[in-house]
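Let me begin by presenting the structure, written as structure tokens, before commenting on it.
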Amino acid sequence: MQAIIMAAGRGKRMKGLCEEIPKPIMPVNGRCILEIILKQLSLVGVKEAVIVVKYKKQKIIDKIGSERFGINIVYAEQKDIKGTGQAVLTAEPFIFDEKFYVIAGDSLFPTSVLTRLKDHPDADAVLTVCRVEDPSRFGVIETDDGRVTRIVEKSSNPPTNLANLSIYLFPKKIFDMCKRISLSPRGEYELTDAIQLLIDQGGIVEYEVIEKGLDVGTPEQLKEAQELAKELFEEI
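Under my numbering, think of the first position of the sequence shown as 134, with each following residue one higher.
And the structure:
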């Protein structure tokens, strides 16, 4: 099985912490986030990972190398950092499996969700969500009978408290969806827009709920990640 790990971004919200070290290889409780993700992927049978890089790419390549935990690693350089939809498309030439994981390189999550994402035989794609206290800070999903019907970006009146995390199982048709979306209001090609297009065209998109998960986007979340990583290390 294959996986795409999105690790090209500059980490602009980290307030200067990424000036020397790109966020995916920042130390979290003694290990970098990319190492944690790769170890987790190895435990669910992933044999090849495509890491999408751009910002300080050589530091990531030097740190991770061409093989980790039995996973062959390929690097794909994102030409311009214009969103997660573009990042996924960058990896397309290297993906041969009909289903594959897509994970943000700053995500911390329980390993078990990777297995659960595969337990949806009728779904075209499966998302990971987490219940949050303040859903207005996140993109959230609307659901109906176990399926995702709509992805709502940050809203002052969010319809649910199910925050979308960047941990997915996708079919190859997601590449076609990414090619058909337009720039978002913030000037990026959003992966969530590609997922919404898949839904609008009749695709079955389901979801898994995890109790604890985190996209490390700010210095405050980096501190929170130290505690969460302690729990993750116990299972990996």
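Think of the CB as a built atom: it goes at the ideal place given N, C-alpha and C, for glycine as much as any other residue. Keep in mind that this is a model prediction, so the values were computed, not measured.
Q: Just mark S240 as buried or exposed, buried being the case when its beta carbon has 16 or more other beta carbons within 10 Å.
A: Position 107 of the sequence shown, counted from the first residue, corresponds to residue 240. Buried: at least 16 other Cβ atoms inside 10 Å.
**Q.** Where T325 falls, given that 16 or more other Cβ within 10 Å makes a residue buried
**A.** Locating residue 325 in the sequence shown gives position 192, where the first residue counts as 1. Classification of T325: buried, given that the 10 Å Cβ count is 16 or more.
(Q) Please return the same chain residues whose Cβ sits closer than 7 Å to the Cβ of L330, not counting the five positions on each side in sequence. (A) Locating residue 330 in the sequence shown gives position 197, counting from the first residue. Excluding positions up to five away in sequence, the list reads M310, R313 and I314.
Q) Over what stretch of residues does the beta strand (DSSP E) that includes K172 continue unbroken? A) Position 39 of the sequence shown, counted from the first residue, corresponds to residue 172. Where K172 is concerned, there is no enclosing beta strand (DSSP E), although the alpha helix (DSSP H) it sits in stretches over I166 to L176.
Q) When the Cα of T248 is compared with those of I300, A209, S317 and E168, which residue comes out closest? A) For the purposes of this step, residue 248 is identified with residue 115 of the sequence shown, where counting begins at 1. The shortest Cα separation from T248 among I300, A209, S317 and E168 belongs to I300.
Q. Do E189 and P155 have their C-beta atoms within less than 7 Å of each other?
A. On the sequence shown, residue 189 is found 56 positions in, with the first residue counted as 1. On the sequence shown, residue 155 is found 22 positions in, with the first residue counted as 1. The displayed chain sequence assigns Lys, not Glu, to residue 189. Yes, Cβ-Cβ distance for K189 and P155 is below 7 Å.
(Q) Our contact map puts A296 next to V265 with C-beta atoms below 8 Å; I'd like the distance itself, whole angstroms only. (A) Indexing the sequence shown from 1 puts residue 296 at position 163. Indexing the sequence shown from 1 puts residue 265 at position 132. Going by Cβ atoms, the distance from A296 to V265 rounds to 5 Å, so yes, they are a contact pair.
Q.
Within 10 Å of its beta-carbon, does G142 have 16 or more other beta-carbons around it, so buried, or fewer, so exposed?
A. Position 9 of the sequence shown, counting from 1, holds the residue named residue 142. Result: buried.
Q) Pick from E210, A327 and F202: whose alpha carbon is nearest that of I184? A) The residue you call residue 184 lines up with position 51 of the sequence shown. The shortest C-alpha separation from I184 is found at E210.
Q: Give, in chain order, every unbroken run of the beta strand (DSSP E) that is at least 3 residues long and sits entirely within the region 228-256.
A: 232-237
Q.
By the three-class DSSP mapping on this structure, what secondary structure does E181 have?
A. Taking the sequence shown and counting its residues from 1, one reaches residue 181 at position 48. Looking at E181 - three-state DSSP - the assignment turns out to be strand.
Q) Does DSSP put M134 in a helix, a strand or coil? A) Start at 1 with the first residue of the sequence shown, and residue 134 comes out as number 1. The answer is coil: DSSP assigns M134 none of H, G, I, E or B.
Q: Use the C-beta contact count for E323: other C-beta atoms within 10 angstroms, 16 or more gives buried, fewer gives exposed.
A: Along the sequence shown, read from residue 1 onward, the residue named residue 323 stands at position 190. It is buried - the Cβ of E323 has at least 16 other Cβ atoms within 10 Å.
Q | Cα-Cα separation, D252 to L302 | A | Indexing the sequence shown from 1 puts residue 252 at position 119. Indexing the sequence shown from 1 puts residue 302 at position 169. Spanning the two alpha carbons is a distance of roughly 10 Å.
Q. Quick one: Cα of T293 to Cα of F202, how far?
A. The count along the sequence shown starts at 1 and reaches residue 293 at position 160. The count along the sequence shown starts at 1 and reaches residue 202 at position 69. Their Cα atoms are separated by approximately 38 Å.
Q. Taking just the CA atoms, how far does K192 sit from P226?
A. By 1-based counting over the sequence shown, the position of residue 226 is 93. By 1-based counting over the sequence shown, the position of residue 192 is 59. Using only the alpha carbons, I get a separation of about 23 Å.
Q | Member of Y234, D230, A140 and I194 whose CA lies at the smallest distance from the CA of L174 | A | Against the sequence shown, residue 174 aligns to sequence position 41. Residue Y234 is the option with its Cα nearest to L174.
Q | Cβ distance (whole Å) where E339 is taken to contact G279 below 8 Å | A | Taking the sequence shown and counting its residues from 1, the one referred to as residue 339 is at position 206. Taking the sequence shown and counting its residues from 1, the one referred to as residue 279 is at position 146. The Cβ separation is near 6 Å, so the contact holds.
**Q.** Buried versus exposed call for F271 [16 or more other C-beta atoms within 10 Å across all chains shown]
**A.** In the sequence shown, the residue the question calls residue 271 occupies position 138. By the neighbour-count rule (16 or more Cβ atoms within 10 Å), F271 is buried.
Q | Residues that DSSP places opposite M139 in a beta bridge | A | By one-based count along the sequence shown, residue 139 stands at place 6. Paired residues: V185 and A237.
Q.
My parser needs the alpha helix (DSSP H) runs of 4 or more residues fully inside the region 271-356; what are they?
A. 306-313 and 324-333
Q: Out of Y208, K215 and E231, state which residue places its alpha-carbon closest to the alpha-carbon of G320.
A: Start at 1 with the first residue of the sequence shown, and residue 320 comes out as number 187. The shortest C-alpha separation from G320 is found at K215.
Q. Which residue comes first and which comes last in the alpha helix (DSSP H) that contains A220?
A. Within the sequence shown, residue 220 is the residue found at index 87, counting from 1. Where A220 is concerned, the enclosing alpha helix (DSSP H) stretches over T217 to T223.
Q: Would you mind sorting E344 into buried or exposed? The rule is 16 or more other CB atoms within 10 Å of its CB.
A: Position 211 of the sequence shown, counted from the first residue, corresponds to residue 344. E344 should be labelled exposed.
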